[in-house]
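Notes to accompany the following structure.
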Amino acid sequence: MVKLRRDYNRWVASETLEDYALRYTPQRSRIGSEWRVANTAFSVASFLVLEAVGATLLVQYGFVNAVWAILSAGLLIFLAGLPISVYAARHGVDMDLLTRGAGFGYIGSTLTSLLYASFTFIFFALEAAVMAYALELAFGIPPAWGYLICALAVIPFVMHGIAAISRFQVWTQALWLLLMLLPYGAVWMLEPGAWEGITHYAGESGQGRAFDWHLFGAGLTVGVALITQMGEQADYLRFMPPPQPGRRLHWWLAVLAGGPGWVLPGVLKMLGGAVLAWLALSNMVSTERAVDPNQMYLTAWETLLPYRWAVWATALFVVLSQLKINVTNAYAGSLAWSNFFSRLTHSHPGRVVWVLFNAAIALMLMEMDLFQALGDVLGLYANLAIAWIMTVVADLVINKPLGWSPPGIEFRRAYLYDINPVGVGAMLLASLLSISAHLGLFGPTAQAFSALVAMATALIASPLIAWATRGRYYLAREPEADVGQDGASAAGCDSGCAGAGCAGSACAGTGGSAQAVPRLVRCVVCEREYETPDSAYCPAYQGRICSLCCTLDARCGDRCKPHASLAVQWTGALRWLTPRRCWPHLDGGLAHYLLLMLVVALLLAGLLGLLYRQEWSGLAELPATPDSLDALQQALRAGYAKIYAALLLAFAIVAWWLVLTHKSRAVAQEESNRQTGLLLREIESHHHTDLQLQQARQVAEAARAQADQANQAKTRYISNISHELRTPLNSILGYAQLLQQDGELGQQRAHAIRVILRGGEHLLSLIEGTLDIARIESGKLALQQGPVDLRALLQEVAQMFELQAAAKGLRFGFDGPEHWPAAVRSDEQRLRQILINLLGNAVKFTSRGEVRLTLRYARQMATFEIVDTGPGIAPAELARVFEPFARAASAASASAPGSGLGLTIARMLAELMGGELSAQSEPGHGTTFRLRLFL
-8 MVKLRRDYNR WVASETLEDY ALRYTPQRSR IGSEWRVANT AFSVASFLVL
42 EAVGATLLVQ YGFVNAVWAI LSAGLLIFLA GLPISVYAAR HGVDMDLLTR
92 GAGFGYIGST LTSLLYASFT FIFFALEAAV MAYALELAFG IPPAWGYLIC
142 ALAVIPFVMH GIAAISRFQV WTQALWLLLM LLPYGAVWML EPGAWEGITH
192 YAGESGQGRA FDWHLFGAGL TVGVALITQM GEQADYLRFM PPPQPGRRLH
242 WWLAVLAGGP GWVLPGVLKM LGGAVLAWLA LSNMVSTERA VDPNQMYLTA
292 WETLLPYRWA VWATALFVVL SQLKINVTNA YAGSLAWSNF FSRLTHSHPG
342 RVVWVLFNAA IALMLMEMDL FQALGDVLGL YANLAIAWIM TVVADLVINK
392 PLGWSPPGIE FRRAYLYDIN PVGVGAMLLA SLLSISAHLG LFGPTAQAFS
442 ALVAMATALI ASPLIAWATR GRYYLAREPE ADVGQDGASA AGCDSGCAGA
492 GCAGSACAGT GGSAQAVPRL VRCVVCEREY ETPDSAYCPA YQGRICSLCC
542 TLDARCGDRC KPHASLAVQW TGALRWLTPR RCWPHLDGGL AHYLLLMLVV
592 ALLLAGLLGL LYRQEWSGLA ELPATPDSLD ALQQALRAGY AKIYAALLLA
642 FAIVAWWLVL THKSRAVAQE ESNRQTGLLL REIESHHHTD LQLQQARQVA
692 EAARAQADQA NQAKTRYISN ISHELRTPLN SILGYAQLLQ QDGELGQQRA
742 HAIRVILRGG EHLLSLIEGT LDIARIESGK LALQQGPVDL RALLQEVAQM
792 FELQAAAKGL RFGFDGPEHW PAAVRSDEQR LRQILINLLG NAVKFTSRGE
842 VRLTLRYARQ MATFEIVDTG PGIAPAELAR VFEPFARAAS AASASAPGSG
892 LGLTIARMLA ELMGGELSAQ SEPGHGTTFR LRLFL
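Residue numbers (this note's numbering): -8 to 926.
In structure tokens, the structure reads:
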């Protein structure tokens, strides 16, 4: 695949704003104090919903059942939160990444991300509503505006991540503790009798005077719903520095304090809420107002301060408490939404965007006053949340120690199945059973203990499924497979840890040394540096890719794990359930359609079921006879069933259209990939061809260089040898000419001297021709361009050869153009040389007939034709008449004198002058030489 560099916007690129959303927290960023991280995480205990829960349990189930429910819920949350906290701190992963590696798979954890995100904005809304009521109490701000203020107030802190949140928590911790403890101390000191009677309080219904299993179970379910808070602890604990040598105890204490440690003050706050609610009830405050944290603390502060001062103190404490918890809710929500949408859309605009999104949803819930509906939903939500958290806990404390789950936490998409049946199956089974119990399908006892049903089912189902599947759905491919691809091991740290997803400092749950720091590798897509555990080898891009780019990539088609995608897993499951003859239909799009319809059917059923339950709970309070209520319920149920059927039909049509569109897009993508593959192969072929051409060019350049060197050597040699030859040759010719002038020589001696003269002249002609060729080839022959009177030149040449032709008894003709140019620009000497060579050959080799010189001149192009009626040249010899020393094989040419270089020099001069010289001939009909020059 072509590597397109991914440039993230400044929100994503800034580590301060992004806070390592979607990925592992590198060790180089976990260098702060353990206790600073622990204090930030511990500060979540400030949320006032704890007091509200304790007060609600007291009012609904009585003091005895409320106390036991609070203590039991605290113990269960502490035990469940301990392994989550340790793994998050040790491996530097948030709750979503921890869920991925704890048996849910890459896409399987998407469901839990949505569940976790809903927890954050629901509790954000609840906490902000309490804060808005405090603003109304102190300043008279209407709730609608108070909701807006409370939603916007936390955004500046959350946008800048844990650094800003940590500073805020440190600055406010001491004041918050003082404002929380002071009213309790005031009540204890100033009104010691205020607690009398609380131990005998039986609740609003009067049924909770003594311990009751059903009331205890119902209260336990409400309290255990707060177990999801452990996700927010994990989001903070991922910044916990690795344990340093000699400071392991400090590290463990910090993890305990920042992880499940919030349960201790949480339990005390719930008990304190019950006490303050009793104090408010004792002061004639209504039950509805007594469970409101504002009213609770106002009642307590009134024992110490005047009313107006008590209002201000209460408002300050409530605002401070809710700001401390809502920065956490908004922060955790931004991480959850980032993880959820990045897997669905393969895009990530930045964590800051999801901060605003989460605050907007909470604001909408507050402005629409949906708190009554939220109360009805939270019961179902608690069962889902408990099933999720306990499934994660089961994998960490049971499956991993038994070897049914790989050690460490592997969160990278490149190594995970999209769906792991261990976590997803256990959670769905636990959720189904606990919700059924919550709805009363298994009787009142199971309904009261639906939370325990979820816990027990998750703890049993997860190990059973892991044992049955032998853990083969945890890893789609072994991280060790990366070794050798680029010389680095993706299995963990440079120290040789083989644990999947090792964070370098902690190997497979042993809490290793801080000395083993993972090395940095460069992502081939975004070209940024990341620690080795945050990257994976990608066969699509042929290099290491960071977990963020891997998450957002939509082009690779999971090439690294083609057998582990959701589509393949779903099709495989359907093939296991259906006969073989149905398999072609599944591959044709039916499997995709059934998956969409399953999701749509469940979502519609859940949504309409909640609406039906909400509507019926309101209608059931109307004054009516049982028969009329039954008829009304039947009509309402039938109406919702018709709405469900109609919507399901509409969604079925839309789903089929989506499947066909996806199928068409997949076919187009396959064709595009095929054509792209062919194009890439063609490009590769051209690349090889280009390399070969480059090599051939280099060879040719080297050969030409050698030839130039040889040619220059030849030219120097000829120049030198010609000089040496000319001196004795000129002497020979000179004495021969002198002897020829001697009239006393005999005939025999005169003939010998003529032979010497002809031989010398021939040799001199060879030397001159060879020198001309050498000068032309070496580029030393320079043209002397200048104005030329073409008409005069040709007339001069014609007159010269007219006499020679007449001497041999030949006719000589000369034809010129009708309109002669006044002058042309050329090298007169070389032009004359060419014409003389051509005309000389024509006269020399023609024994009878005529020789004709013709000139045609048009548009600065001159065409010279020399036509003779000689013996002609055979086609086989015509191609080489321009070669040096080449002569025609006719008898006439054999007897004619000459060096055989004239035509060679003429052609070379013509080409040097930018023209061309060609020849046409037919044996027995003469020869035509045609010279074309731009003059």
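Glycine included, each C-beta is placed from N, C-alpha and C at the ideal position. All values reported here derive from a predicted model rather than from experimental measurement.
For W269, the closest C-alpha among the options A798, W186, P251 and K391 is that of W186. The distance from the Cβ of A108 to that of A327 is about 4 Å, consistent with a contact at the 8 Å cut-off. Counting along the chain, R816 sits inside the beta strand (DSSP E) bounded by residues V815 to S817. According to the DSSP secondary-structure assignment, G777 is paired through a beta bridge with S817. The C-beta of F130 has fewer than 16 other C-beta atoms within 10 Å across all chains shown, which makes the residue exposed.
Burial of L894 is indicated by the presence of at least 16 other C-beta atoms within 10 angstroms of its C-beta. Residue pairing by DSSP places F855 opposite L846 and L922 in a beta bridge. Under the three-state reduction of DSSP, I410 is assigned to coil, being neither helix nor strand. By the C-beta criterion, the region 214 to 228 is judged to be in contact with the region 53 to 68, since at least 3 inter-stretch pairs fall below 8 Å. Counting every other CB atom within 10 Å of its CB across the protein chains shown gives E518 a total below 16, marking it as exposed. Between the region 339 to 347 and the region 168 to 182 there are fewer than three inter-stretch CB-CB distances shorter than 8 Å, so the stretches are not counted as touching. Nearest Cα to Y322 within the set M150, G250, L39 and W242: M150. A Cβ-Cβ contact shorter than 9 Å links R843 with D806. In this structure, T31 lies near G249, with their beta-carbon atoms less than 9 Å apart. Within the DSSP secondary-structure output, R513 pairs in a beta bridge with E520. Counting only runs of 4 or more residues that sit fully inside the region 20 to 58, the alpha helix (DSSP H) segments are 25 to 33, in chain order. Taking every protein chain shown into account, the CB of N721 has fewer than 16 other CB atoms within 10 angstroms, so this residue is exposed. Rounded to the nearest whole angstrom, the C-alpha separation of R91 and D621 is 47 Å. In terms of Cα proximity to A12, the closest of H679, V383, T542 and L730 is T542. Rounded to the nearest angstrom, the gap between the Cα atoms of P862 and A783 is 31 Å.
CA-CA distance, A64 to L354, rounds to 30 Å. A straight-line Cα-Cα distance of about 15 Å links A123 and L289. Under the three-state reduction of DSSP, I400 is assigned to coil, being neither helix nor strand.
DSSP, reduced to helix, strand and coil, places Y528 within a strand of the structure shown. Rounded to whole angstroms, the separation of the alpha carbons of T305 and P147 is 24 Å.
In terms of Cα proximity to V266, the closest of P284, P251 and W253 is P284. In this structure, the alpha-carbon of L240 lies about 17 Å from that of G23.
The beta carbon of L450 lies closer than 8 Å to those of M381, V384, A385 and I389 in the same chain, with the five residues before and after it left out. Contact check for A142 against A351 passes: the beta carbons are separated by less than 9 Å.
L247 and A29 have their C-alpha atoms roughly 8 Å apart. Only residues of its own chain outside the window of five on either side were considered, and among them P808 and P812 have a CB closer than 7 Å to the CB of Y848, listed in chain order. Between F836 and L829, the alpha-carbon positions lie close to 11 Å from each other. Distance from the CA of L39 to the CA of V309, rounded to the nearest whole angstrom, comes to 8 Å. Relative to the Cα of W647, the nearest Cα in the group W607, G668, Q625 and A582 belongs to A582. A distance below 6 Å between beta-carbons, with the five flanking residues on each side excluded, links V254 to the following residues of its chain, in chain order: G65, I68 and F69.
Cβ-Cβ distances below 6 Å link L900 to R821 and I825 in the same chain, with the five nearest sequence neighbours on each side left out; the list follows chain order.
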